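Student: One structure coming up, written as structure tokens, with questions to follow.
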Amino acid sequence: MSSAPLLRRILHGRGIWPAVPALAYLFVFLALPMLTLLAFGFVTIDRGRIVADTWTLGYLEAALADDLVWRLMWRSFWVAAVSSVLTLLLAYPVAYLFAEAKGIWRTLILVAVVSPLLTSALVRAYAWIVILGGRRGLVNQTLLSLGLIEQPLRILNTDWAVLIGMTQIHLPFMILPLLAVLAERDRRLEEASLNLGASQTGTFFRVVVPMSVPAIFAGLALVFAVSYTNFIVPQLLGGGSYSTLAVQVYEQTIVVLDWTRGAVLATILLSTCFAFVLAIVAFGNRLARWNESAA
Amino acid sequence: MSHIALQDIAKSFGPVRVLDGCSVAVDKGTVMTLLGPSGCGKTTLLRTLAGFVEPDSGRVVVGGRDITDLPPNRRQVGYVFQSYALFPHLDVAANVAYGLRVRRVSQAETQARVRKALDLVSLSAYADRYPARLSGGQQQRVAIARALVLEPEVLLLDEPFNALDAKLRLSMQIELRKLIERVGITSIFVTHDQQEAMTLSDRVAVMRAGRIEQVGAPIDIYDRPRTAYVAAFIGRANVLPVDIRGGRVAPDPAIAAARADGAAWLVVRPENLAIENAGEGPGWHGTVAFATPQGATIEYEIAVGMAEPLRVVALRKVGEPPAAVGSPVRVRAVDPAACVVLGEGPDSV
Ligand SMILES: Nc1ncnc2c1ncn2[C@@H]1O[C@H](COP(=O)(O)OP(=O)(O)OP(=O)(O)O)[C@@H](O)[C@H]1O
Ligand SMILES: [Mg+2]
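Residue numbers (the numbering used here), protein chains in the order written: chain A, 1 to 295; chain B, 296 to 644.
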């Protein structure tokens, strides 16, 4: 009997009520497990069992005092930041092309953008090993046979390989928000700009780009988050000794089986990721203040 | 030598022929108004002149120079868009300053000119608002200021006042007219409001399905419409089927007609008809179907056995009741010389 009014509120209510099922789902299947996992960083675990009455901030403090953690975080950060910017630079022309294309061309571009998502990131990372790796890798073979280089380039197992892999793998996350905004933009504004005397290039930078700022920053936040927390690409393309914060979380938890250390690093990884994403979004909102006033 | 000349412009969108050999010429420093029903191609014609539409055939000449193939940003043709097209990411002042910034006008001069332009449209208090926070009428005025601040030689205005209230509209019309005269702007102006066309323009062009039907001074078009379509479009008009006999219009021989005997059409304005007492005599006989006092005038509809009732506008005298509905009356033309006889009727519309 008491469930009927609740159901009615969810189906017909205002404010937060319609979101209740989604919130409940997120709480049970995301927030709870996450909190449990993170909580492991604040207790002592002995042979897979939590030792009672061992709540402590000690592990976190130790991790924050550890120089290595800061160096890993710095690498995670700059790799994610650089690859986000590279993604933007590569994604924008594709999205713009899509917006200019018509009919079948649009469909083709869309399929080309989305289809990599159908293969796993792991497979794509292995593909990059084949392309970049050693003397017999695609890149080196081509350059050598063209006589452009004498010695094979060392790309695999460097920062470059990680950046290239991340950028390619996360490209769709940047292209998709841009596609929507650029394809649906109001072309009259560009006409107005031309009419007021601006060149095509001037119009692009004065009108098209500023108008897409919300989409640019949505894409940047998304790509930054997935790059910052990606542990597959650094492991496979960076090589055995290449590590980032996310790689450490994986290794401590799955390989070393030091769950406490893993959970502490995960706490640091998630909270810093959250902070960076928040900063990106806040900066984007500042640049696009005009957008809020529309609401 | 006209300043703007659109010569034989044709444009199709797919199978639809939107402009069909359209020609317009506007003299330097004058205002031409385009009148015509929705969808007849007015906006498309302006867009052709501004360079956004590439005509299938025809020439666009401004100041003696053929600019048909010139890109829009090199045309120096001011354009106030029907949909305003304000930049949402720039505040009002920056929208108005856009063209000046592009031209690298100095900061000080830009500020001064923007302030003047905003004063002109009474929006100085809104300089730092974003367009999304403005009313429709305010947005429209920003669009006007943005075009005027560049003082272009040619200015195109696509229904620039349609979102303004009557008072603001009148003051904007007067300000615009002054500015046009001071700067010597040649302009083409689209409106659906004939009153506005009369106030603002030196010449009026009536458009119909992608062609110009008639061009002339506003009063000439009102007095001497060349077709029933034009007559019905400018002001209100009765277009009546009549017979011509011996150079005279049959129901009211006071009206002369310089054409051969036979069927014809008579255009007569409602205010040029008067109601007289029923009884024998020339004129249209019928009964009062409707009478609506409108303050200074009374509007009558008189059923005379034709498809459309006759519309008559009579001056109202205080204390005098309108003719009773159903009463028999006779209608005659007040000024026979002000009537127009045409060979073709409204069927061809
Ligand atoms: N880009 C386009 N593609 C296809 N058809 C178009 C395009 N632009 C205009 N048309 C068509 O051309 C015709 C004329 O349009 P236009 O905008 O010039 O009319 P208008 O006279 O300005 O009408 P209104 O008074 O309603 O503004 C319309 O039937 C419209 O549907
Ligand atoms: Mg229009």
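For glycine and all other residues, C-beta sits at the position ideal for the given N, C-alpha and C. Owing to the predicted nature of the structure, the values given are computational and were not obtained by experimental measurement.
1. Tell me which same chain residues have a C-beta within less than 7 Å of the C-beta of residue 297 of chain B, skipping the five on either side of it?
2. Assign residue 522 of chain B to one of three DSSP states: helix, strand, or coil.
3. Can you name the start and end residues of the beta strand (DSSP E) that residue 536 of chain B belongs to?
4. Any beta carbon of chain B sitting closer than 8 Å to that of residue 157 of chain A?
5. Just to check, is the beta-carbon of residue 411 of chain B closer than 7 Å to a non-hydrogen atom of ligand 2?
6. Can a CB atom of chain A be found closer than 8 Å to the CB of residue 398 of chain B?
7. For residue 635 of chain B versus residue 520 of chain B, is the C-beta distance shorter than 8 Å?
8. Using only Cβ atoms and a threshold of 5 Å, which residues come within that distance of a heavy atom of ligand 4? Order them by chain position.
9. Taking beta-carbon pairs under 9 Å, can you tell me which members of the stretch 360-376 of chain B lie near chain A?
10. Kindly confirm or deny that the stretch 185-203 of chain A and the stretch 58-70 of chain A touch, where touching means at least three C-beta pairs closer than 8 Å.
11. Relative to ligand 2, is the shortest distance from any of its heavy atoms to the C-beta of residue 435 of chain B smaller than 7 Å?
12. Let's test the definition: count the other Cβ atoms within 10 Å of the Cβ of residue 572 of chain B and tell me whether it reaches 16, buried, or not, exposed.
13. For my contact list, residue 395 of chain B and residue 499 of chain B are in at a C-beta cut-off of 8 Å; report their separation, rounded to the angstrom.
14. My understanding is that residue 139 of chain A touches residue 131 of chain A, with C-beta atoms under 8 Å, so please give their C-beta distance in whole angstroms.
15. Just how far apart, CA to CA, sit residue 444 of chain B and residue 411 of chain B?
16. If we define contact as Cβ-Cβ less than 8 Å, is residue 211 of chain A a contact residue for chain B?
17. Please name the residue, chosen from B/461, B/569, B/345, B/335, that lies closest to residue 299 of chain B on a Cα-to-Cα basis.
18. Determine the closest residue to residue 207 of chain A out of A/218, A/243, A/52, A/191, with distance taken between C-alpha atoms.
19. Does DSSP put residue 170 of chain A in a helix, in a strand, or in coil?
20. Hey, does residue 532 of chain B have any beta-carbon neighbour from chain A nearer than 8 Å?
21. Less than 8 Å between the C-beta atoms of residue 482 of chain B and residue 450 of chain B, yes or no?
22. Flag residue 488 of chain B as yes when its Cβ comes closer than 7 Å to any non-hydrogen atom of ligand 2, and as no otherwise.
23. For residue 502 of chain B, does the three-state DSSP call read helix, strand or coil?
24. When we look at the beta-carbon of residue 243 of chain A and count the other beta-carbons within 10 Å, is it buried (16 or more) or exposed?
25. My guess is that residue 317 of chain B and residue 507 of chain B are in contact by the Cβ rule of under 8 Å, so how many angstroms apart are they, rounded?
26. Relative to the C-alpha of residue 76 of chain A, which candidate in A/42, A/273, A/285, A/239 has its C-alpha closest?
27. How long is the line joining the alpha carbons of residue 224 of chain A and residue 81 of chain A, rounded to whole angstroms?
28. For residue 352 of chain B, I'd like the list of residues in its chain whose CB is within less than 8 Å of its CB, leaving aside the five on either flank, ordered along the chain.
29. Could you check the C-alpha separation between residue 31 of chain A and residue 263 of chain A for me, to the nearest Å?
30. Roughly how many angstroms lie between the CA atoms of residue 327 of chain B and residue 584 of chain B, to the nearest whole one?
31. Are the CB atoms of residue 605 of chain B and residue 637 of chain B within a distance shorter than 8 Å?
32. Taking CB distances under 8 Å as the criterion, tell me whether residue 103 of chain A reaches chain B.
33. Please confirm if residue 421 of chain B has its CB atom under 8 Å from at least one CB of chain A.
34. In its own chain, which residues sit with a C-beta less than 8 Å from the C-beta of residue 590 of chain B, not counting the 5 before and 5 after it?
35. Can you name the residues of chain B whose CB is closer than 8 Å to the CB of residue 183 of chain A?
36. Whole angstroms is fine: what's the gap from residue 144 of chain A's alpha carbon to residue 366 of chain B's?
Tutor: This is what the structure gives:
1. 320, 321, 322.
2. Per DSSP, reduced to three states, the secondary structure at residue 522 of chain B is coil, with no helix or strand assignment.
3. In this chain, the beta strand (DSSP E) harbouring residue 536 of chain B covers 533-540.
4. Output row for residue 157 of chain A: interface = no.
5. No, ligand 2 has no heavy atom inside 7 Å of this Cβ.
6. Cβ-Cβ to chain A under 8 Å: yes for residue 398 of chain B.
7. Yes, these two residues count as a Cβ contact at 8 Å.
8. Ligands present in the displayed structure are limited to ligand 1 and ligand 2, and ligand 4 is not among them.
9. Those residues of the stretch 360-376 of chain B placed with their C-beta closer than 9 Å to a C-beta in chain A are 366, 367, 368, 369, 370, 371, 372, 373, 374, 376, ordered along the chain.
10. These segments do not touch.
11. Residue 435 of chain B Cβ: outside cutoff for every heavy atom of ligand 2.
12. That one is exposed.
13. No, residue 395 of chain B and residue 499 of chain B are not in contact; Cβ-Cβ is about 33 Å, not under 8 Å.
14. Going by Cβ atoms, the distance from residue 139 of chain A to residue 131 of chain A rounds to 6 Å, so yes, they are a contact pair.
15. C-alpha separation (whole angstroms): 8 Å.
16. For residue 211 of chain A, the answer is yes, since a Cβ of chain B falls inside 8 Å of its Cβ.
17. Cα-wise, what sits closest to residue 299 of chain B is B/345.
18. Measuring from the Cα of residue 207 of chain A, the nearest candidate turns out to be A/191.
19. Look at residue 170 of chain A here: in three-state DSSP terms it is helix.
20. Chain A, which has no Cβ nearer than 8 Å to the Cβ of residue 532 of chain B, makes this no.
21. Closer than 8 Å, so yes.
22. Taking 7 Å as the cut-off, one finds no heavy atom of ligand 2 near enough to the beta carbon of residue 488 of chain B.
23. When DSSP states are grouped into helix, strand and coil, residue 502 of chain B belongs to the strand group.
24. Under this definition residue 243 of chain A is a buried residue.
25. Approximately 6 Å separates the beta-carbon atoms of residue 317 of chain B and residue 507 of chain B; this is inside 8 Å, confirming the contact.
26. Minimum Cα distance to residue 76 of chain A is reached at A/273.
27. Taken atom to atom, the span from the alpha-carbon of residue 224 of chain A to that of residue 81 of chain A is near 6 Å.
28. Taken in chain order, the residues that qualify are 303, 304, 305.
29. The alpha-carbon atoms of residue 31 of chain A and residue 263 of chain A are separated by roughly 15 Å.
30. In a straight line, the C-alpha of residue 327 of chain B is about 39 Å away from that of residue 584 of chain B.
31. Taking a C-beta distance under 8 Å as the contact criterion, residue 637 of chain B and residue 605 of chain B do not qualify as a contact pair.
32. No, because no Cβ of chain B sits closer than 8 Å to the Cβ of residue 103 of chain A.
33. Chain A, which has no Cβ nearer than 8 Å to the Cβ of residue 421 of chain B, makes this no.
34. 611, listed in sequence order.
35. The contacting residues do not exist; residue 183 of chain A stays about 17 Å from chain B at best.
36. One C-alpha to the other measures close to 47 Å.
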